[in-house]
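Below: the structure, in structure tokens.
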Amino acid sequence: MTELRFNELRGEQVDYAIHRQERTFLPSREHCPLDPTLPGRPPTEIPFPSFEIAVFENRFPAFTPPHGAAEVVVYTPAHEGSFATLTPRRAEDLMWVWRHRYLELGARADVDYVFIFENRGVEVGVTLHHPHGQIYGYPFIPPVPMLELAADERLGGCAPCSLLADELRDGRRIVYESPALVAYVPFAARWAYEVHLVMREHRPSLAACEPQELGELAAALQTLVRGYDALFDRPFPYVMAVHQAPTAGWSPATAEGRGELGAGHLHVEFYPPLRTADKLKYLAGSEQGAGAFISDTLPEESAAVLRETIVRAG
Ligand SMILES: [Zn+2]
Ligand SMILES: [Zn+2]
Ligand SMILES: [Zn+2]
Numbered sequence: 199m200t201e202l203r204f205n206e207l208r209g210e211q212v213d214y215a216i217h218r219q220e221r222t223f224l225p226s227r228e229h230c231p232l233d234p235t236l237p238g239r240p241p242t243e244i245p246f247p248s249f250e251i252a253v254f255e256n257r258f259p260a261f262t263p264p265h266g267a268a269e270v271v272v273y274t275p276a277h278e279g280s281f282a283t284l285t286p287r288r289a290e291d292l293m294w295v296w297r298h299r300y301l302e303l304g305a306r307a308d309v310d311y312v313f314i315f316e317n318r319g320v321e322v323g324v325t326l327h328h329p330h331g332q333i334y335g336y337p338f339i340p341p342v343p344m345l346e347l348a349a350d351e352r353l354g355g356c357a358p359c360s361l362l363a364d365e366l367r368d369g370r371r372i373v374y375e376s377p378a379l380v381a382y383v384p385f386a387a388r389w390a391y392e393v394h395l396v397m398r399e400h401r402p403s404l405a406a407c408e409p410q411e412l413g414e415l416a417a418a419l420q421t422l423v424r425g426y427d428a429l430f431d432r433p434f435p436y437v438m439a440v441h442q443a444p445t446a447g448w449s450p451a452t453a454e455g456r457g458e459l460g461a462g463h464l465h466v467e468f469y470p471p472l473r474t475a476d477k478l479k480y481l482a483g484s485e486q487g488a489g490a491f492i493s494d495t496l497p498e499e500s501a502a503v504l505r506e507t508i509v510r511a512g
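This is how it looks when you write it as structure tokens:
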């Protein structure tokens, strides 16, 4: 079904999932595959007339067992809306679903890294508008988490802990704070409105969080996304990436202390492609050919605007 090839020149794995060419592309409203299956109507991906949160294997998977996993997480049976408009209760339940998938997929021998993410908006290639996210279980540790592990080495300890301390000391780029979490535009952000939402305590993964922290995480994510939507008064496209400890080396037998194994510090990164209400940041020559980001906005300035908008959007 899929084939992994190692790109020697770049030192990275490339996944060939050719069948994905046929995947459903922006179906009409009445043919949404993520709606519940209603009596007398054609079946959707979810064979129930109602549900709370649904998780199932992607029909067009980038990874399949025994070489990883690809799952779809449908946030709500309601077709309209977004992560921001879920009830607070539903958003909190979603954190527990994520935690459950992290533990279950992480325990598999063919999953070295559980990656929870959401693509929002056609600008980042969304093919279905129904509120949903995805989870990939990679059969290897992908380059970005590897870079974060390398940052731990370079800083001689947990990089997110140390960067969070720096941001709190400086203060200019912080956009949101709660007892358990801090959100900021990073000192060297790649995207104009990039935000990292970081647990204050060193929590390697969702599995290591207190229930209270999971509730706060849901609330912080919703507050942040509402602020994004208010920024240009339009649904704000983004890629949301949940980074946690790798699960390489786990086995079902090592259930004890799960989530504590391996380095990592739970945080959520948002990469929004918009620079203004109608201008997109494209990855062009320097970014693609040299791997060097050029930004025309200062993180301190976008943080000030975003901070104000988050307060206003409540
Ligand atoms: Zn739908
Ligand atoms: Zn840490
Ligand atoms: Zn990260």
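Quick note: the sequence shown uses this note's numbering, first residue 199, plus one each step.
Ideal Cβ placement from N, Cα and C applies to all residues, glycine included.
Quiz item: Along the chain, where does the alpha helix (DSSP H) that runs through residue 224 open and close?
Solution: Reading the sequence shown from its first residue, position 26 is the one you call residue 224. Unbroken run through residue 224: none, as it is neither H nor E.
Quiz prompt | Burial state of residue 216, where buried means 16 or more other Cβ atoms lie within 10 Å | solution = Position 18 of the sequence shown holds residue 216. Residue 216 should be labelled exposed.
Practice problem: Keeping to the same chain, check which residues put their C-beta closer than 7 Å to that of residue 302; ignore five residues upstream and five downstream. | Solution: Your numbering for residue 302 matches position 104 in the sequence shown. Once the five neighbours on either side are set aside, residue 302 has no close Cβ partner at all.
Practice problem: Decide if residue 365 is buried, meaning its Cβ has at least 16 other Cβ atoms within 10 Å, or exposed. | Solution: Here residue 365 refers to the residue found at position 167 of the sequence shown. Under this definition residue 365 is a buried residue.
Self-check item: ligand 2 heavy atom lying under 7 Å from the CB of residue 356
Solution: Start at 1 with the first residue of the sequence shown, and residue 356 comes out as number 158. For ligand 2, at least one heavy atom lies less than 7 Å from the Cβ of residue 356.
Exercise. For residue 282, collect the residues of the same chain with a Cβ closer than 7 Å to its Cβ; drop the 5 residues on either side in sequence, then sort them by chain order.
Key: The residue labelled residue 282 in the question sits at position 84 within the sequence shown. Same-chain partners within the cutoff: 420, 423, 424 and 427.
Quiz item: In chain order, what residues of the same chain have a beta carbon less than 6 Å from the beta carbon of residue 226, not counting five sequence neighbours either side?
Solution: What you label residue 226 is simply residue 28 of the sequence shown in a count that begins at 1. No residues qualify anywhere along the chain.
Exercise. Would you mind reading off the limits of the alpha helix (DSSP H) that contains residue 425?
Key: Taking the sequence shown and counting its residues from 1, the one referred to as residue 425 is at position 227. 409-429 is the extent of the alpha helix (DSSP H) around residue 425.
Self-check item: Candidates 265, 322 and 396, of which the one nearest residue 338 by Cα
Solution: Translated into the one-based positions of the sequence shown, residue 338 becomes position 140. Answer by Cα proximity: 265.
Self-check item: Backbone secondary structure at residue 217 - three-state DSSP
Solution: In the sequence shown, counting from the first residue as 1, residue 217 sits at position 19. Correct three-state label for residue 217: helix.
Exercise. Could you name the residues of the same chain whose beta carbon sits closer than 7 Å to that of residue 211, not counting the 5 residues immediately before and after it, in chain order?
Key: For the purposes of this step, residue 211 is taken as the residue at position 13 of the sequence shown. If we look at residue 211 and ignore the five residues flanking it on each side, its Cβ neighbours are 202, 204 and 338.
Practice problem: With DSSP collapsed to three states, give me the class of residue 234. | Solution: Residue mapping note: residue 234 aligns to position 36 of the sequence shown, counting from 1. In this structure, residue 234 counts as strand in the three-state DSSP scheme.
Quiz prompt | Sequence-distant residues of its chain with Cβ nearer than 7 Å to residue 510 (five each side left out) | solution = In the sequence shown, counting from the first residue as 1, residue 510 sits at position 312. The answer, listed in chain order, is 428.
Quiz item: Would the beta-carbon of residue 229 be found less than 7 Å away from any heavy atom of ligand 1?
Solution: In the sequence shown, counting from the first residue as 1, residue 229 sits at position 31. Because no heavy atom of ligand 1 lies under 7 Å away, the Cβ of residue 229 does not count as near it: no.
Practice problem: Report yes if the C-beta of residue 359 is less than 7 Å from at least one heavy atom of ligand 2; otherwise report no. | Solution: Your numbering for residue 359 matches position 161 in the sequence shown. The answer is yes for residue 359.
Quiz item: Are three or more beta carbon pairs between the segment 333-353 and the segment 300-316 nearer than 8 Å?
Solution: yes
Quiz item: Skipping 5 residues on each side, what residues in its chain have a beta carbon closer than 6 Å to that of residue 467?
Solution: In the sequence shown, the residue the question calls residue 467 occupies position 269. The answer, listed in chain order, is 394 and 439.
Quiz item: Measuring CB to CB, does residue 418 end up less than 8 Å from residue 379?
Solution: Counting from one through the sequence shown, the residue named residue 418 turns up at place 220. Counting from one through the sequence shown, the residue named residue 379 turns up at place 181. Cβ distance < 8 Å, so residue 418 and residue 379 count as in contact.
Quiz item: Looking only at DSSP bridge pairs, what is residue 205 linked to?
Solution: Translated into the one-based positions of the sequence shown, residue 205 becomes position 7. Note: residue 205 sits in a beta bridge opposite 210.
Quiz prompt | As assigned by DSSP and simplified to three states, the class of residue 253 | solution = For this step, residue 253 is matched to residue 55 along the sequence shown. Strand.
Quiz item: Shortest alpha-carbon distance to residue 248 belongs to which of 277, 349, 256 and 498?
Solution: On the sequence shown, residue 248 is found 50 positions in, with the first residue counted as 1. Minimum Cα distance to residue 248 is reached at 277.
Quiz item: By how many angstroms is the C-alpha of residue 351 removed from the C-alpha of residue 594?
Solution: What is shown of the chain runs 199 to 512, which leaves residue 594 out entirely.
Practice problem: Report buried or exposed for residue 229, applying the criterion of at least 16 other Cβ atoms within 10 angstroms of its Cβ. | Solution: Within the sequence shown, residue 229 is the residue found at index 31, counting from 1. So residue 229 ends up on the exposed side.
Exercise. Starting from the N-terminal end, write out each residue whose C-beta falls within a distance shorter than 6 Å of any non-hydrogen atom of ligand 3.
Key: 346, 441, 465 and 467
Quiz item: Just to confirm, are residue 295 and residue 271 a CB contact at a threshold of 8 Å?
Solution: Taking the first residue of the sequence shown as position 1, residue 295 is located at position 97. Taking the first residue of the sequence shown as position 1, residue 271 is located at position 73. Yes, the Cβ-Cβ distance between residue 295 and residue 271 is below 8 Å.
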